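This report concerns only the one structure given below.
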Amino acid sequence: MIGGLFIYNHKGEVLISRVYRDDIGRNAVDAFRVNVIHARQQVRSPVTNIARTSFFHVKRSNIWLAAVTKQNVNAAMVFEFLYKMCDVMASYFGKISEENIKNNFVLIYELLDEILDFGYPQNSETGSLKTFITQQGIKGQHQTKEEQSQITSQVTGQIGWRREGIKYRRNELFLDVLESVNLLMSPQGQVLSAHVSGRVVMKSYLSGMPECKFGMNDKIIIDKAGKGGVTNEAGKSDLGGGGSTSGKQSIAIDDCTFNQCVRLSKFDSERSISFIPPDGEYELMRYRTTKDIILPFRVIPLVREVGRTKLEVKVVIKSNFKPSLLAQKIEVRIPTPLNTSGVQVICMKGKAKYKASENAIVWKIKRMAGMKESQISAEIELLPTNDKKKWARPPISMNFEVPFAPSGLKVRYLKVFESKLNYSDHDVIKWVRYIGRSGIYETRC
Amino acid sequence: MTDSKYFTTTKKGEIFELKAELNSDKKEKKKEAVKKVIASMTVGKDVSALFPDVVNCMQTDNLELKKLVYLYLMNYAKSQPDMAIMAVNTFVKDCEDPNPLIRALAVRTMGCIRVDKITEYLCEPLRKCLKDEDPYVRKTAAVCVAKLHDINAQLVEDQGFLDTLKDLISDSNPMVVANAVAALSEIAESHPNSNLLDLNPQSINKLLTALNECTEWGQIFILDCLANYTPRDDRESQSICERVTPRLSHANSAVVLSAVKVLMKFMEMLPKDLDYYGTLLKKLAPPLVTLLSAEPELQYVALRNINLIVQKRPEILKHEMKVFFVKYNDPIYVKLEKLDIMIRLASQANIAQVLAELKEYATEVDVDFVRKAVRAIGRCAIKVEQSAERCVSTLLDLIQTKVNYVVQEAIVVIKDIFRKYPNKYESVIATLCENLDSLDEPEARAAMIWIVGEYAERIDNADELLESFLEGFHDESTQVQLQLLTAIVKLFLKKPTETQELVQQVLSLATQDSDNPDLRDRGYIYWRLLSTDPVAAKEVVLAEKPLISEETDLIEPTLLEELICHIGTLASVYHKPPSAFVEGSRGVMHKRLPARTGSGEGTECPDVGNAAGGSAPEAAPSIIPSQGDLLGDLLNLDLAPPTTTGPTPSTSGMQMGGMDLLGGGLDSLVGTMGAGFGAAPTVMPASLNAPVGGGLGDLFDLGGGVGMPMGAYIPPKTVWLPAMKAKGLEISGTFARRAGVIQMELVLTNKAMSVMTDFAIQFNRNSFGLAPAGPLQVLTPLGPNQTIEVSLPLSTVGPVMKMDPLNNLQVAVKNNIDVFYFSCQYPISMLFVEDGKMERQVFLATWKDIPNDNESQFQIQDCHLNSEAASNKLQGSNIFTIAKRTVEGQDMLYMSIKLSNGIWVLAELKVQAGNPNYTISLKCRAPEVSQCVFQCYEAVLKN
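Chains S and V, in that order, are what the protein sequence lines are. For reference, each letter of the first sequence is one residue, going 4 to 448 in the working numbering. For reference, each letter of the second sequence is one residue, going 210 to 1152 in the working numbering.
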């Protein structure tokens, strides 16, 4: 198991050092600094073995977090734990920076004592941690016995992510379907790979211990329901997110993972997503699709080398969605060779600039409706070089945001049941929003 | 509220001030002071002097202050065991506190205080806490048993804590169950034979139930524990798999990987014709692909594991090639791993896509990545026959880019393509030859030379090309030298008329001017082959080569099986069994996959019952020797580096060869060459004669011991065997290294009355395999009071046994009177070989790579050389200075030494002007040689 956990600043000074196991000595702290942080060559693996001691590290801005062990630990767990640790710290004091860590070092030690015992990760849900560890010191000395046992039963309980007795005057929930669409396209317009990785993020402000059921246009369920004959569930409680209530066909989800509140065995047997939600904001599920993806933009590049000192670049982008929808924050990044001496750009829409420090022409368009196209052309002057190595021609990348889900996912319903309190599904105010963003959206040129 | 101010105090009287503050009456001030103490502790300052004062703050009802004090205690209790006792009362009291959080805190902290005296007091509170009414306390106490076991295993057994812990597996609270499982698994690891976990269908059922209810971390503990179970039959196996598969949808990658481990393992038992088997295979792919959208560090762990899974069950991911395509901004470690998997998944169905991708990668920036991509193209050609043509043309395109490392890498892989598809692509040889000059890496040079030699008959100027390499023969690496030797011999057999001179030249370079035993041996073998039977030579040298296999770098099957049992863990990341990187008894037992049962498909592993729970101790596999084994290391090192050994004949063979060449060998060489090549022009014998004769004369010189001194240190002769002990024969002597040959220089004096004859010498097995390379040359009888000086060349290919001291040599000398035994110690410097100069980069990397534990430091006193002179002097003994750095008037010399058995010793010598005392640090993978090496330094520098 994890033998120790260290946090360093960018210079390699120790900010936090907590040792859990006897086999990890103080010299381990220095070994990591010398061999990884100060290493002459950038370390090429997130796992480093130095003198039979293994170091796992992740970096957040310029802070290094390192977990140390001498045993054959579960490596995936160590990294998951380090990420979790970052999340917990961020939810307590915001950005993970040297200043924030120094300002909260007592708190961090307390957290480390609680969430890692003898190197074994323990409950690390911020929701329950915050009930007894706070930045204002520890709660606990003035609690009643009932409160204390409530805390402990929550920390260890089956529903460790939600405390009892939550009350809201207005029961509300917000559902965000956030997708990032990834594309790699050949210069000829052939899709080399495309996938959508999506997340359903939920903000719930619900009283009591509500039981929720979430439904979407998952192909497997729809097909099942279709075979079964009658189901009017879909029509009744359709939340109409995308604006199209007309029987939008189902989508094939390649794989999905769920927040730990979701009953996985139930999903496995019935493919229904039921859970008692944590309070506040959390990620309900992640999913991935690869079939029938709506690619919001198509990039058509044309690069011509005119002699040895000049390049002509023409890029056309076409928006490929309903004309009534608007894409936002569009940015096209056209890489230029390292020996570029000057660039002239003409674009029909938006603003384009050559950024020498980034070796790229950056073309920004604020808004663009569907089924439109726009074009940029540039002349790139090159300095003559005798560098034998050819320019690698990095791909043209794109950023954008569209108000629909490129995977075609639709939320069909989200039902809330709370038997003990007197509010029903109809009393809950529900909001759904779809946002599609570009992930790695690249076209080779 | 900001705490950063606590980090800033660095004043001198700090400790004193803190002491005063700690003893303050005001609570706030006390708390502030403890925070300062903790801050100092964090940055590595020693604040142990404050121990009593901090412990005094422990009795407080302020929980925050209490936690800080506990933190301090955990750090320093070990250094102040007597004082730590003071804390015991508070702990015991806290374990009875009405607040469960405080009870848990006390028992958690107590377990971290590794002081024997305290552990005794821990038992009673721990027993209570294990049965506490509050689950939070119980789950903390469960882990505490593991802590206590780590400190005092006997105590835990005597007190019956293990039974209590086992009971907790049936606890009503899932988190208590999870922690109990974790604690028991850890304890069981150090008791491989105890059936501690006692996994049976009932307990497995409990675990599977808890699996649905506990935290993500708890699920990992339980799944990892489940993976140690071996189901009784395929039905049980299937039912467990069915209950584990839902975990594949968990958001936590570690839960997913641990579930994959359980499924991969239990799948072994399912009959392949079962429907469920196919369903399971299908279910495994999507979660594995999803892992690739995690953060890069986790992607890396996932990819290393997928690499194993793809080798074990290629069918799972065969349709998922695209997800392994490299993204432009993937970190380099992710890119390299993806590339590895792409090659493994390449098949006829997807080869076009793969090739297009690889071609893109070959134009990227990162050199390692580009090289690997080029190599991958070659692998594709070999793996998928239909694609070979396209691959070759892609490689040719890449060669046209003239980017140095791309060209070299391409040539290396083209060599393999030639071997796989003989007589198909040789037309490209011309293009390859154009790039001869740009090759500067040994592997590429060797590959090119191989190509020239193999296809000598198709290359008009093959002799010129090879001759151009021959000029710098001694500067080439061994790999290139060997290849060049073979290539020229091939050329000679193919075009005997024009290339006699060339072949003589290379044979003499290899056999006479080289001290590399491999090269010499191969040279002699060719020489004798050519001289005795050229037809046979042709059959041997130009024999048809076996086809090369399609897959490379496959992990050896038993290791692969073991690694599959370790999916998700460090072992699967390193691709090494845990015993290779874990110290002590923990985790060294070997896990195995269960055997298939049910449909009678023949058992793959014989001891199913034994493997239950993975608890049966098994013999260590012989593939990867544990590095910690010192003796093993010495023995292995002798076998490991390909430069020193390989197909070397036995010692006696060497002697024979040497002797034979002196006599009949020469004649037979000249004679049969003429006879064998009846058709060849008769010029040959004459032209062969001159250089060969000369060369052999030289060789004789070396054997005779009139070699040139090279400035190497030779210790003065000492008496090894006094006349009294050896019936009048006195032997004194020393060791020397001359022109790369180790020599034992003996002075034999006959102090007896009678004549001595029939001398012979033999060595016992020794640390570095020293053995006489020829008989003892005492040709004339040794008369009374006569003295003779003999020089005996030594080889290092004899049998090896570790001696103590390391440089001890036991010798037996025989004459007509009796056999006498003595032992002597040789300076290890004579084992320092001439090519011991390491590249700077390699030196740096090696220095870092060798664990610090292997470093030893010595002082050399009273040495009045400056660094320049020292360096020169050391160079004479093959101690090579690689770099010099001057820091604050101190010269730091970095040196490398290579021993004849391939062990590298790295040294850092500090020389300060005006200070006669040098400091030397030695680093070596076999640290036991350090002492001997240091002695050599001292001897060399002082003489």
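For each residue, glycine too, the CB sits at the ideal point set by N, CA and C. This structure is a prediction, so every number in the text was calculated from the model and none was measured.
- Message: On the DSSP letters alone, give me the boundaries of the alpha helix (DSSP H) that D179(S) sits inside.
- Response: Per DSSP, D179(S) is not a residue of any alpha helix (DSSP H); the beta strand (DSSP E) it occupies stretches across 175-188.
- Item | For E998(V) and C1072(V), the rounded distance between their alpha carbons | Distance between the alpha carbons of C1072(V) and E998(V): 33 angstroms.
- Beta-carbon of T640(V) versus every beta-carbon of chain S: anything under 8 angstroms? No, T640(V) does not count as interfacial toward chain S.
- Bounding residues of the beta strand (DSSP E) (the contiguous stretch that carries W434(S)): Unbroken beta strand (DSSP E) run through W434(S): 432-446.
- Query: Would a check of beta-carbon distances place K348(V) closer than 8 angstroms to chain S?
  - Reply: By this cut-off, K348(V) is an interface position.
- Task: Pull up the DSSP beta-bridge partners for S1065(V), would you.
- Result: BP columns for S1065(V) point to L1131(V).
- For the segment 503-521 of chain V, enumerate the residues whose C-beta is nearer than 7 angstroms to any C-beta of chain S, in chain order. Of all residues in the segment 503-521 of chain V, E504, E506, L507, Y509, V510 have a Cβ within less than 7 angstroms of some Cβ in chain S.
- Query: With C-beta atoms as the reference, is V194(S) less than 8 angstroms away from P299(S)?
  - Reply: No; because the gap between Cβ atoms is not below 8 angstroms, this pair is not in contact.
- Item | Residues of the segment 643-673 of chain V whose Cβ lies closer than 8 angstroms to any Cβ of chain S, in chain order | If the cut-off is 8 angstroms between Cβ atoms, the segment 643-673 of chain V has nothing near chain S.
- Task: Take every Cβ of the segment 714-722 of chain V, pair it with every Cβ of the segment 692-705 of chain V, and state whether three or more of those distances are shorter than 8 angstroms.
- Result: With a cut-off of 8 angstroms, the segment 692-705 of chain V and the segment 714-722 of chain V count as touching, because enough Cβ pairs lie within range.
- Message: Suppose the cutoff is 6 angstroms on Cβ atoms and the five residues either side in sequence are ignored; what does the same chain contact list for Y542(V) look like?
- Response: Taken in chain order, the residues that qualify are Y509.
- Task: On the DSSP bridge assignment, give the partners of E308(S) in chain order.
- Result: Answer by DSSP bridge pairing, in chain order: L314(S).
- Query: In chain V, what lies closer than 8 angstroms to Q263(S) by C-beta?
  - Reply: Per Cβ cutoff of 8 angstroms: T424, E425, H459, A460, N461.
- Item | Own chain, CB closer than 8 angstroms to C589(V), minus 5 neighbours either side, in chain order | Result list for C589(V): I552, A555, I560, V563, L564, L567, S596, C600, in chain order.
- Buried versus exposed, by CB contacts within 10 Å (16 or more), Q1070(V): Q1070(V) is exposed by the Cβ-count criterion.
- Message: So V76(S) contacts chain V; which residues on that side make the cut at Cβ distance below 7 angstroms?
- Response: Within 7 angstroms Cβ-Cβ: T778, L779.
- Which of helix, strand or coil does DSSP assign to M351(S)? Annotated three-state conformation of M351(S) is coil, per DSSP.
- Message: By the 7 angstroms beta-carbon criterion, what residues does the segment 595-622 of chain V contribute toward chain S?
- Response: Residues of the segment 595-622 of chain V with a C-beta atom less than 7 angstroms from some C-beta of chain S are T610, K611, V612, listed in chain order.
- For the segment 233-321 of chain V, list the alpha helix (DSSP H) runs that are entirely contained and at least 4 residues long, ordered along the chain. The segment 233-321 of chain V contains these whole alpha helix (DSSP H) runs: 236-251, 260-265, 272-285, 290-303, 309-321.
- Query: With a CB to CB cut of under 6 angstroms and the five nearest residues on each side skipped, what residues in its chain are close to G887(V)?
  - Reply: Residue confidence is low: G887(V) scores 36 on pLDDT, short of 50, so the model does not pin down where it sits. Its coordinate-derived value is still stated next. Closer than 6 angstroms at Cβ, skipping near neighbours: no residue.
- Item | Segment contact, 8 angstroms Cβ cut-off, at least three pairs: the segment 323-339 of chain V with the segment 362-380 of chain V | The segment 323-339 of chain V, when compared against the segment 362-380 of chain V, does touch it at the 8 angstroms Cβ threshold.
- Message: Can you pull the chain V neighbours of A79(S), defined as C-beta to C-beta under 7 angstroms?
- Response: Within 7 angstroms Cβ-Cβ: S462, A463, L466, L507, V510, G777.
- Message: Considering only their Cβ atoms, is the gap separating V1114(V) from V1138(V) smaller than 8 angstroms?
- Response: Their beta carbons are under 8 angstroms apart, which means V1138(V) touches V1114(V) by this criterion.
- Message: Would R55(S) pass as an interface residue toward chain V - the criterion being a Cβ-Cβ separation below 8 angstroms?
- Response: By this cut-off, R55(S) is an interface position.
- Message: Taking beta-carbon pairs under 8 angstroms, can you tell me which members of the segment 90-109 of chain S lie near chain V?
- Response: Along the segment 90-109 of chain S, the positions whose C-beta sits under 8 angstroms from a C-beta of chain V are E102, K105, N106, N107, F108, V109, read in chain order.
- Message: With a threshold of 8 angstroms between beta-carbons, can I399(S) be considered close to chain V, or not?
- Response: By this cut-off, I399(S) is not an interface position.
- Task: Determine, using beta carbons only, whether N421(V) comes closer than 8 angstroms to chain S.
- Result: Taking CB atoms only, N421(V) has a neighbour in chain S less than 8 angstroms away.
- Do we get a CB-CB distance below 8 angstroms when we pair N414(V) with the residues of chain S? Closer than 8 angstroms to the CB of N414(V) there is not a single CB belonging to chain S.
- Report the neighbours of V158(S) on chain V: residues whose CB is nearer than 7 angstroms to its CB, in chain order. Going along chain V in sequence order, the residues near V158(S) (Cβ under 7 angstroms) are Y345.
- Query: Distance, Cα to Cα, V246(V) vs D262(V)?
  - Reply: If I take the Cα positions, the gap works out to 11 angstroms.
- Cβ-Cβ separation, D295(S) to G439(S) (assumed contact under 8 angstroms), whole Å: Here G439(S) is actually not in contact with D295(S); their C-beta atoms are around 14 angstroms apart, not less than 8 angstroms.
- Message: For K240(V) and I360(V), I'd like the C-alpha separation in whole angstroms.
- Response: A straight line joining the alpha-carbon of K240(V) with that of I360(V) spans about 31 angstroms.
- Contacting positions in the segment 111-127 of chain S - beta carbon closer than 8 angstroms to chain V: Taking 8 angstroms as the Cβ-Cβ cut-off against chain V, the residues of the segment 111-127 of chain S that qualify are Y112, E113, D116, D120, F121, Y123, P124, Q125, N126, S127.
- Message: At the 8 angstroms Cβ level, is R289(S) part of the contact set with chain V, yes or no?
- Response: Yes - at least one Cβ of chain V is within 8 angstroms of the one on R289(S).
- Determine the extent of the beta strand (DSSP E) in which Y290(S) is found, giving its start and end residues. From DSSP, the beta strand (DSSP E) with Y290(S) extends over 283-292.
- Give me the Cβ distance between V385(V) and A355(V), rounded to the nearest whole Å; I'm assuming they're in contact under 8 angstroms. Wrong, their Cβ atoms sit about 14 angstroms apart, outside the cutoff.
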